[in-house]
Amino acid sequence: VYVRRTQFTIFFRIQNHCLKTKSKMATKSTGDIEKTKSIEMKKKLNVLIVDDDPLNLKIHERIIKTIGGISQMAKNGEEAVIIHRDGRASFDLILMDKEMPERDGVSTTKKLREMKVTSMIVGVTSLADREEERRAFMEAGLNHCLAKPLTKEKILPLINHLMDA
Amino acid sequence: MQRQVALIKQSLFDQGYLDDQFMELEELQDDANPNFVEEVATLYFKDSARLINNIDQALERGSFDFSRLDSYMHQFKGSSTSIGASKVKTECTTFREYCRVGNAEGCLRTFQQLKKEHATWQDRRGLGRQHVGPSKERDK
């Protein structure tokens, strides 16, 4: 007696903020039985945090970690530029403080855009900043601007937008 | 013991020393990172001690470099905002306003108040740590 089996594979779309999932289907045929193998490759959200304040670096790093991402830190704009100099840096998101020594957020953002960095750059400003300062920061090449203090609730909508793009 | 710590913390909120941002930090703490808030607070007090010292020295010199003072206070305000130190943040804002108009006496007065608020919080934090002991013991 010959028994033919049927195998089903069901895929669920999972809403996860920080996993980019690629599914690769490999099909292997063995006689009358088909085996389907699914290989999932997961990529975590990769974030560069640029801030001269060690406290902010610690807090922002923790926020990114709790939403499932990984982060690298730069203590000022010049470090952020150096990180991108060899052209191999690839960040999904850059959190850019505005006021920093060596090279501030405006100058750093302009420089990174000149270097053809296409990461989403989110400026982090103080509530005390004047409107024209914020505008100048946006015009330097930011995608978005957020006011301190940063929280998970402020960052998540941007990450959702990034994931949907 | 836990109750004492909770009461101390609640009093800091009730009296306006801490705001919602501190609660945001508490939400970032979990079993994998049980000391996160303590680490952040330690970092804050270390950095704020440095800034207070810098400002003290700048004011003692007598010649008011308002631009430099404003820069120090900008940093202080930034970290106070990040940790939720509400009263300290308010004094930082007032100080910066006095810097903008070049009011030396206002700066001096506000700075004294700022140091007082900062010290009160630090003292109460010290009380809380005495009650609880090292972080590991909190989970027992």
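For the record, the sequence lines run as chains A and B.
In terms of UniProt numbering, the first sequence opens at residue 1 and continues consecutively.
In terms of UniProt numbering, the second sequence opens at residue 1 and continues consecutively.
Every residue, glycine too, gets a C-beta built ideally from N, C-alpha and C.
Because the structure is a prediction, the values reported are computed rather than measured.
DSSP state of residue i, grouped into three classes?
{"i": "Val81/A", "result": "helix"}
{"i": "Ser79/B", "result": "helix"}
{"i": "Ser126/A", "result": "coil"}
{"i": "Gln112/B", "result": "helix"}
{"i": "Lys44/A", "result": "strand"}
{"i": "Ile67/A", "result": "coil"}
{"i": "Gln21/B", "result": "helix"}
{"i": "Val117/A", "result": "coil"}
Quick one: using the 10 Å Cβ neighbour count with 16 as the cut-off for buried, is residue i buried or exposed?
{"i": "Thr108/A", "result": "buried"}
{"i": "Lys46/B", "result": "exposed"}
{"i": "Asp56/B", "result": "exposed"}
{"i": "His60/A", "result": "buried"}
{"i": "Asp53/A", "result": "buried"}
{"i": "Asp164/A", "result": "exposed"}
{"i": "Ala49/B", "result": "exposed"}
Determine, for residue i, whether the minimum Cβ-Cβ distance to residues of chain A falls below 9 Å.
{"i": "Ser79/B", "result": "yes"}
{"i": "Ile52/B", "result": "no"}
{"i": "Glu27/B", "result": "yes"}
{"i": "Ile83/B", "result": "yes"}
{"i": "Asn35/B", "result": "no"}
{"i": "Asp30/B", "result": "yes"}
{"i": "His74/B", "result": "yes"}
{"i": "Asp65/B", "result": "no"}
{"i": "Asp47/B", "result": "yes"}
{"i": "Tyr17/B", "result": "no"}
{"i": "Leu43/B", "result": "yes"}
If you measure from the beta carbon of residue i to each beta carbon in chain B, is any gap under 9 Å?
{"i": "Glu99/A", "result": "yes"}
{"i": "Lys37/A", "result": "Any reading at Lys37/A is ruled out, since the residue's pLDDT is 35, under 50, leaving its predicted position unreliable."}
{"i": "Lys110/A", "result": "no"}
{"i": "Lys44/A", "result": "no"}
Comparing the CB of residue i with every heavy atom of the ligand FAD, is any distance shorter than 8 Å?
{"i": "Asp97/A", "result": "Because no ligand of any kind appears in the structure shown, any question about the ligand FAD cannot be addressed here."}
inquiry  = With a threshold of 8 Å, are at least 3 pairs of Cβ atoms found where one atom belongs to the stretch 3-13 of chain B and the other to the stretch 38-49 of chain B?
reply    = no
contact_flag[the stretch 82-95 of chain A, the stretch 66-76 of chain B] where n(CB pairs < 8 Å) is 3 or more = no
request  = Assess, as a yes-or-no matter, whether the stretch 106-117 of chain B is touched by the stretch 90-98 of chain B under the definition of 3 or more beta carbon pairs within less than 8 Å.
outcome  = yes
request  = Give, in chain order, every residue of the stretch 53-76 of chain A whose Cβ lies closer than 7 Å to some Cβ of chain B.
outcome  = Asp53, Pro54, Leu55, Asn56, Lys58, Ile59, Arg62, Ile63 and Thr66
Contact the stretch 115-124 of chain B vs the stretch 68-87 of chain A: 3+ CB pairs below 8 Å = Segments in contact, no.
ask   = Is the number of C-beta pairs between the stretch 78-87 of chain B and the stretch 14-27 of chain B that are closer than 8 Å three or more?
value = yes
message = Tell me which residues of the stretch 136-150 of chain A have at least one Cβ-Cβ distance to chain B shorter than 9 Å, keeping chain order.
response = Lys148, Pro149 and Leu150
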